[in-house]
Amino acid sequence: MSILTARKVTKRFGGLVAVSSFDFDIPEHSIVSIIGPNGAGKTTFFNCITGFGKIDEGEIAFNGTRIHRLRPDQITHLGISRTYQNIRLFADMSALENILVGQHIFLHSSWMSAVLRTPGTRKEERTALDEARRLLSFVELGGKGDLLARNLPYGAQRRLEIARALATRPTLLLLDEPTAGMNPRETGDLTGFIHRLRDELGITILLIEHHMRVVMDISERITVLDYGEKIAEGTPAEIQSNPRVIEAYLGRGAGTERTATTRVQAAT
Amino acid sequence: MRTSLGERLTEWAVTGFLWGFRILIVLIIVVGTYFTARGGKYTGSQWIDFVVFGIARGSIYALIALGYTMVYGILRMINFAHGDIFMTGAFGGYFVITAMARSGFLDRNPVVGILLSILFAMLIASSIALLVERIAYRPLRGAPRLVPLISAIGASFFLEYAFRGFFGPGVYAYPAIRVLEGQWSILGHAVLKMQVVVAVSAFVMMAILYAIVMRTKIGKAMRAVSEDKAVAALMGIDVNRIIVTTFGIGAAMAGAAGVLYALAYRQVNFFVGFTPGIKAFTAAVLGGIGNVPGAMVGGLVLGVFESLGPSLFLDGLGITRPYQLQDAIAFIMLVMVLLFRPSGILGERITTKKA
Amino acid sequence: MLKGKDSFVGMAIRIGLLGGAIALFLCLVGMVEIFGKRFLIEKVVTLGHALLLLSGLGVGFVAARRTLNLSTERRPLASTLAGIIAGTLTGAVLAALVLIGDRLDLRAVFLTASPGLYSMLTMGRGVGGAWILIGIGALTGLAGAAFVLLPDRLRQPIQQGLLISSLISLFTGLIGVIMTNQGGAVAKAENFLFGSTGLSLNGAIIVFSVVAAWSLLWSYLAGPVKLGVDRLPKAGKLTLRVLLLLLLVYVLYRLPFVSGPFVSLVLVTISLYILMGLGLNITLGFAGLLDLGFVAFYAIGAYTVGLLTSYGQYGLQHISFWAAVPIAVLVAMFAGAFLGLPVLGIRGDYLAIATLGFGEIVRILAGSDFLAKYFGGPQGVIGIQKPCLGFLEPFLKVDVPRVCDGTLLGTPVEIYFVAIVSAIVAAFVATRLRDSRLGRAWMAIREDEDVAEALGINLIQTKLLAYILGAAFAGLGGAIFATLVGSIFASSMQLIVSINVVSLIIVGGMGSIPGVIVGAIALIGLPELLREVSEYRFLFYGAALITMMLSKPGGLWPSTITLRELHLEAAVPETETAPANKKPKA
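Protein chains in written order, with our numbering: chain W, 154 to 421; chain X, 132 to 486; chain S, 180 to 765.
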């Protein structure tokens, strides 16, 4: 069962084709990754899924519903959430507040009842606060709720961003380079954490990553993009030995055995 | 798809409003013009007068607009104090030109006299602009958008009231220049000499500026910095110097515009920069902010529209004293541009950068 | 010119010349002369001279301090020398002005370069007195340097003493009136301490000594006191807060009575600006939408009340003020939606300009002859009645001016109470909104609009609400203003009002409710109360804006401070998880 299907998705920026006729499926409850050299179109594809910028051709469906014409907030209502390549927390708000914003769609009190502080509002806020604290502990930031997001160390900020994304109770979570800037220990922790997300919470995960070890360790399936096109898809083992993939990353001629042999032949 | 009723209503309201606004404006223009044409209140010669007046006014706006657009292109900030730089130029030119008038030099060599005043005005305007840049803008270069804007507003107040302190609240009158009084006959139509001189001088300066921006090394550096500061720095361009140069040139243009304005309208006071400043900014946005030819086009379009507008369509609709609404026309044009084509007449489509 | 990291002389010269330029500016802009008409210390030092002395002190201080920073060892001699050099140069620049002014009549260019100014500068000694200037410059430079070299324990009290004494002298008018009104011993004290425009010599000495002594004492006591307060149990802290609040309420209540009608008027103006500031604080401070056309909502509120209650020719109905106000607020809210709808998609600077355009269009239309028969044209709407605390049927439409059978709230003092109560209610509502889901949504939009949308926030609805609610506050302010003045014209809705409100929010601290209050007092109240300042009001205004942005862009009372304080109160125990990093070190 695919939780997300994308068919022939194309996105252009003026003359540049960022994503070209991309077909993509995410099996439910899986952890899949998209990799590719810089500028390959990975983040652009994320943006297409979450509704930032309309796609020029093709369609995207989530659990059967066509989402490519929806607004980002509508897509979030359906259960998709994401984190960002460059951390985009609300810097001047506290950690708790960041998470509380994430719970926006589950809080229903109007502004008038907020002004009057009706019992319903108070109860709702209390529940939300408890849930936010729970999420904080879940990402191992318990007790740090009142710190300003900008004052948190880097690794903590990344975890906070994930907590905020989780606050929207997604069934599909898009993580954009979550291990960027992390040391090996933090990376290991994060990998374990991603597994927990899928195993304990049943969330399907789509990952963009450059950190090859993480990708190979964690993904059940990897898709490779280069210049906006899918050039390979398969299990980690298959991808590692795929010559086109190696060529895309290391340049023409570096990957194929044959070319290396030809060079040797030419030299002699 | 759970779009609530409220959401759908507001979306309709937004689209409806935007369309209604467009239609309203078009109606006003078309209906008003029709009735005016039918009423025959103005003669053909008067219409030409309006247009010429608009071109003269507009060329002054254009000169000021150049400063706004160049600074915005490089620093992405609206230099709120630019209108007041225009004012300082007008004042600077005043002292030179009255000194020359008193000694009789002006009557003997009017052209040289005016040129000298303009040069002096440009000098004063640039110096003050550079001072403002150094004190109020440079330290705030990396700050969030709002901060330099407020600083610019502060600088604007400061300049206005400093000049009020120096020179008093009264009006200073430029001397009459005999050579510029009267009319010329161009293509069989009588045109005020002053307006022609103002327009032509402005065009000449704009042409010079355009040549500088497009042909010289400094111009290329300016364009590079406005495209991408970081890359320009990597290419070896001294970004700071270019920013300072941009401010200087923009201010010089505004200073010259100050003298031209004062020659045409004869009156200068400490507050004279306020309205032309806002209008010139409108012109810059109209033509496409960041775009040098755009500023010129925008200025002329605004000037002509503003001049023609009240008589052309407002009068036809039976509005009394339509000239009171002249400024409103300028603001409505501003709002229309920002709502419907923010990139302006000559600007490229602005792509909204997301995520 | 000596330039080099270790050369303090070059630096001192530069500072001196800069100081001289500033002093020259102050002279030429007319401030020195005008301030010279008022005494800081009665019959001893005028405010104008004080400015000049301050320049000398200032350059001495800065030069000495920078010299200290140049090297790691303390160089008292060098610093002092630097101070003297800087001060001397400042004096020299002014002396040059006097000497040049003697030969050349500068009044052809600078109106203020008059003999009066020169005589002031040279203490009436003519050209020969130019040397005095240089001498004074050197002395004040020395004093400034000495100030730097003083140990902190001594410097603080002197600094505080000077500052507070100057402030008290500046506020002689206000304080004098309050004290005289008390009568008896207090009034006698006032006579002794104050002259006509400033502190008397005795008064100055006494005030300075008292403040300095207190400051010295406090420097020893501050630590223990703070610790004591921190250690109070929660009930204790609460009691402290309540007491402070009661004190504040008492002061607010008594203030207009003790200080007279002029000050009451100022207080009303401050309250109205607080009201508007709270409104714009929602639109701009919380949601980050730079609305420079804000004054339009204020005007709409004012015009609505005007048209609904006036007995002049433009009044539509003649209902009572209390009935007109809710209608005015509703109309303003509609206007907020109306203005917000088209600009929803515009961002940043463009939004500022677009809203500015809208505001100006509204103003021009309201004052035009074209719409004069609805809005009164340039003459505006007059004859607006005052509010009445009676039991008249509010919607009763009478054709003759109603006679109030309760209390008529006509005087500024009475309107002040209406205004201050409204401001307090508004602050309350704003606080509740800030801490609600909507408030968080607004702040998310301000921080990062795209991410906010990605978290499920409907941008259109949320932004519209920001405009609507902000407009509501402004409309209320306008309504009260209309009844205060009794008439409204289009010229009361100038762009400057919007700029005032934006500035006071930014100076006070964007998004911070106490900041709005501080900003209003600083930017609106102070200029009104200090008459000399009001002559140069906009000059100071501009300088203040620039200085604030350069030194404290977060504002005088930034919102994150209040955030911390509030969270310290909501002390629900956190569910602490075991510290997560107790993994064995690899």
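Cβ atoms here follow ideal geometry from the backbone N, Cα and C, with glycine treated the same way.
(1) Apart from the five residues just before and just after S/ILE343, which ones in its own chain have a Cβ nearer than 6 Å to its Cβ?
(2) Of all the options W/ILE384, W/ALA390, W/GLN393 and W/TYR402, which has the alpha carbon lying nearest to the alpha carbon of W/SER173?
(3) The beta strand (DSSP E) with X/LEU311 in it runs from where to where?
(4) Distance cutoff 8 Å, beta carbons only. Does S/GLY527 sit that close to anything in chain W?
(5) Taking S/SER615 as the query, report the chain W residues whose CB atoms sit under 7 Å from its CB, ordered along the chain.
(6) Which first and last residues belong to the alpha helix (DSSP H) in which S/PRO505 is found?
(7) Which of the three DSSP states is assigned to W/THR229 in this structure?
(8) Just verifying my parser: in three-state terms, what is the DSSP assignment at S/ALA767?
(9) For a contact defined as C-beta to C-beta under 9 Å, what are the partners of S/GLU707 on chain X?
(10) Any beta carbon from chain X within less than 8 Å of S/LEU207's own beta carbon?
(11) Residues of chain S with a CB under 7 Å from the CB of W/THR271: which are they?
(12) Could you pull the DSSP bridge partners for X/HIS320 from this structure?
(13) On the three-state DSSP scale, how would you describe W/SER234?
(14) Just to check my reading of the structure: X/ALA283 and X/ALA260 have Cβ atoms closer than 8 Å, yes? What is that Cβ distance to the nearest angstrom?
(15) Strictly below 7 Å CB to CB, what residues from chain W border S/GLY635?
(16) Checking 8 Å against the spacing of the C-beta atoms, do S/THR351 and S/THR376 come in under that value?
(17) I need the straight-line Cα distance from S/ALA605 to X/ARG452, nearest angstrom please.
(18) Taking 8 Å as the cut-off, decide whether the C-beta atoms of W/LEU242 and W/LEU313 are in contact.
(19) Please confirm if S/ASP409 has its CB atom under 8 Å from at least one CB of chain W.
(20) Going by DSSP, what residues sit across from S/CYS567 in a beta bridge?
(21) Determine whether the Cβ of W/PHE199 lies closer than 8 Å to any Cβ atom of chain S.
(22) Span of the alpha helix (DSSP H) holding W/GLU391?
(23) Among residues of its own chain, excluding the 5 on either side of S/ILE279, which ones have a beta-carbon nearer than 8 Å to its beta-carbon?
(24) From the DSSP output, in three-state form, read off W/PRO180 for me.
(25) Within 10 Å of its beta-carbon, does W/PHE166 have 16 or more other beta-carbons around it, so buried, or fewer, so exposed?
(26) Can you list, in chain order, the residues of its chain with a C-beta nearer than 7 Å to that of X/VAL322? Leave out the 5 residues immediately preceding and following it.
(27) Rounding to the nearest angstrom, what Cα-Cα distance links S/TRP501 and S/LYS565 in this structure?
(28) Check whether the region 346 to 364 of chain W touches the region 325 to 338 of chain W, counting contact only when three or more Cβ pairs, one atom from each stretch, lie closer than 8 Å.
(29) Along chain X, which residues have their Cβ under 7 Å away from the Cβ of S/MET302?
(30) How would you write the range of the alpha helix (DSSP H) that S/ASP331 sits in, first residue to last?
(31) Please identify the residue among S/LEU233, S/ALA325 and S/SER398 whose C-alpha is closest to the C-alpha of S/ARG254.
(32) So, is the C-beta of W/ARG235 closer than 8 Å to a C-beta in chain S?
(33) What's the C-alpha gap between S/ILE696 and W/ARG219?
(34) I want to see whether chain S comes within less than 8 Å of X/SER234, judged by CB atoms only; does it?
(35) Check the Cβ-Cβ distances between X/ARG480 and every residue of chain S, and say whether any is below 8 Å.
(36) By Cβ distance below 6 Å, which residues in the same chain neighbour W/ARG416 in space, the five residues on each side in sequence not counted?
Looking at the atomic coordinates:
(1) What you label residue 343 of chain S is simply residue 164 of the third sequence in a count that begins at 1. So the list reads VAL390, once near-sequence residues are dropped.
(2) Residue numbering aside, residue 173 of chain W sits at position 20 when the first sequence is read from its first letter. Of W/ILE384, W/ALA390, W/GLN393 and W/TYR402, the residue nearest in Cα terms is W/ILE384.
(3) Indexing the second sequence from 1 puts residue 311 of chain X at position 180. Where X/LEU311 is concerned, there is no enclosing beta strand (DSSP E), given that its DSSP letter is neither H nor E.
(4) The sequence position of residue 527 of chain S within the third sequence is 348, counting from 1. Chain W contact via Cβ: absent.
(5) To locate residue 615 of chain S, count along the third sequence from 1; it is residue 436. Chain W residues near S/SER615: TRP264 and ALA267.
(6) In the third sequence, counting from the first residue as 1, residue 505 of chain S sits at position 326. S/PRO505 -> alpha helix (DSSP H) spans 500 to 519.
(7) As a position in the first sequence, residue 229 of chain W is number 76, starting the count at 1. Note: W/THR229 maps to helix in three-state DSSP.
(8) Because chain S in this structure spans residues 180 to 765, residue 767 of chain S falls outside the shown range and cannot be described.
(9) To locate residue 707 of chain S, count along the third sequence from 1; it is residue 528. The premise fails here: S/GLU707 is roughly 17 Å from chain X at the closest Cβ pair, so nothing lies under 9 Å.
(10) As a working mapping, residue 207 of chain S is identified with position 28 in the third sequence. Yes - at least one Cβ of chain X is within 8 Å of the one on S/LEU207.
(11) As a first step, residue 271 of chain W is located in the first sequence; it is residue number 118 there, counting from the start. Near W/THR271 there are no residues of chain S at all, since even the closest Cβ is about 11 Å away, more than 7 Å.
(12) Along the second sequence, read from residue 1 onward, the residue named residue 320 of chain X stands at position 189. Paired residue(s): X/ILE317.
(13) By one-based count along the first sequence, residue 234 of chain W stands at place 81. Looking at W/SER234 - three-state DSSP - the assignment turns out to be strand.
(14) Position 152 of the second sequence holds residue 283 of chain X. Position 129 of the second sequence holds residue 260 of chain X. Not a contact, Cβ separation roughly 12 Å.
(15) By 1-based counting over the third sequence, the position of residue 635 of chain S is 456. Neighbours of S/GLY635 on chain W, chain order: ASP226, THR229, HIS230, HIS257, ILE258 and THR321.
(16) Locating residue 351 of chain S in the third sequence gives position 172, where the first residue counts as 1. Locating residue 376 of chain S in the third sequence gives position 197, where the first residue counts as 1. Contact flag set, yes.
(17) On the third sequence, position 426 is the one that residue 605 of chain S refers to. On the second sequence, position 321 is the one that residue 452 of chain X refers to. Spanning the two alpha carbons is a distance of roughly 41 Å.
(18) Against the first sequence, residue 242 of chain W aligns to sequence position 89. Against the first sequence, residue 313 of chain W aligns to sequence position 160. Yes, the pair counts as a contact, with Cβ atoms nearer than the cut-off.
(19) Residue 409 of chain S sits at position 230 when you count from the first residue of the third sequence. No, S/ASP409 does not count as interfacial toward chain W.
(20) Reading the third sequence from its first residue, position 388 is the one you call residue 567 of chain S. S/CYS567 pairs with S/LEU587.
(21) Translated into positions along the first sequence, residue 199 of chain W becomes position 46. So no, W/PHE199 is outside the interface.
(22) Looking up residue 391 of chain W in the first sequence gives position 238. Counting along the chain, the alpha helix (DSSP H) containing W/GLU391 begins and ends at 389 to 393.
(23) One-based indexing of the third sequence puts residue 279 of chain S at position 100. Once the five neighbours on either side are set aside, the close Cβ partners of S/ILE279 are LEU285.
(24) Here residue 180 of chain W refers to the residue found at position 27 when the first sequence is read from its first residue. The answer is strand: DSSP assigns W/PRO180 an E or B state.
(25) Within the first sequence, residue 166 of chain W is the residue found at index 13, counting from 1. Classification of W/PHE166: exposed, given that the 10 Å Cβ count is below 16.
(26) Numbered from 1 along the second sequence, position 191 holds the residue referred to as residue 322 of chain X. Only VAL183, GLN314 and TRP315 meet the Cβ criterion.
(27) Reading the third sequence from its first residue, position 322 is the one you call residue 501 of chain S. Reading the third sequence from its first residue, position 386 is the one you call residue 565 of chain S. Each residue's alpha carbon lies about 10 Å from the other.
(28) yes
(29) Numbered from its first residue, the third sequence carries residue 302 of chain S at position 123. Chain X residues near S/MET302: none, gap ~23 Å exceeds 7 Å.
(30) One-based indexing of the third sequence puts residue 331 of chain S at position 152. Note, S/ASP331: alpha helix (DSSP H), 331 to 349.
(31) Position 75 of the third sequence, counted from the first residue, corresponds to residue 254 of chain S. Per the Cα distances, S/ALA325.
(32) Taking the first sequence and counting its residues from 1, one reaches residue 235 of chain W at position 82. Closer than 8 Å: yes.
(33) Sequence index remark: in the third sequence, residue 696 of chain S carries index 517 (1-based). Sequence index remark: in the first sequence, residue 219 of chain W carries index 66 (1-based). Each residue's Cα considered, the two are about 50 Å apart.
(34) Position 103 of the second sequence, counted from the start, is the residue given in the question as residue 234 of chain X. No, no contact with chain S.
(35) For this step, residue 480 of chain X is matched to residue 349 along the second sequence. With a pLDDT of only 45 at X/ARG480, under the threshold of 50, the placement of this residue in the model should not be trusted, and no figure is reported.
(36) For the purposes of this step, residue 416 of chain W is identified with residue 263 of the first sequence, where counting begins at 1. Residue placement at W/ARG416 cannot be trusted, given a pLDDT of 46 that sits under 50; the coordinates are not used to answer.
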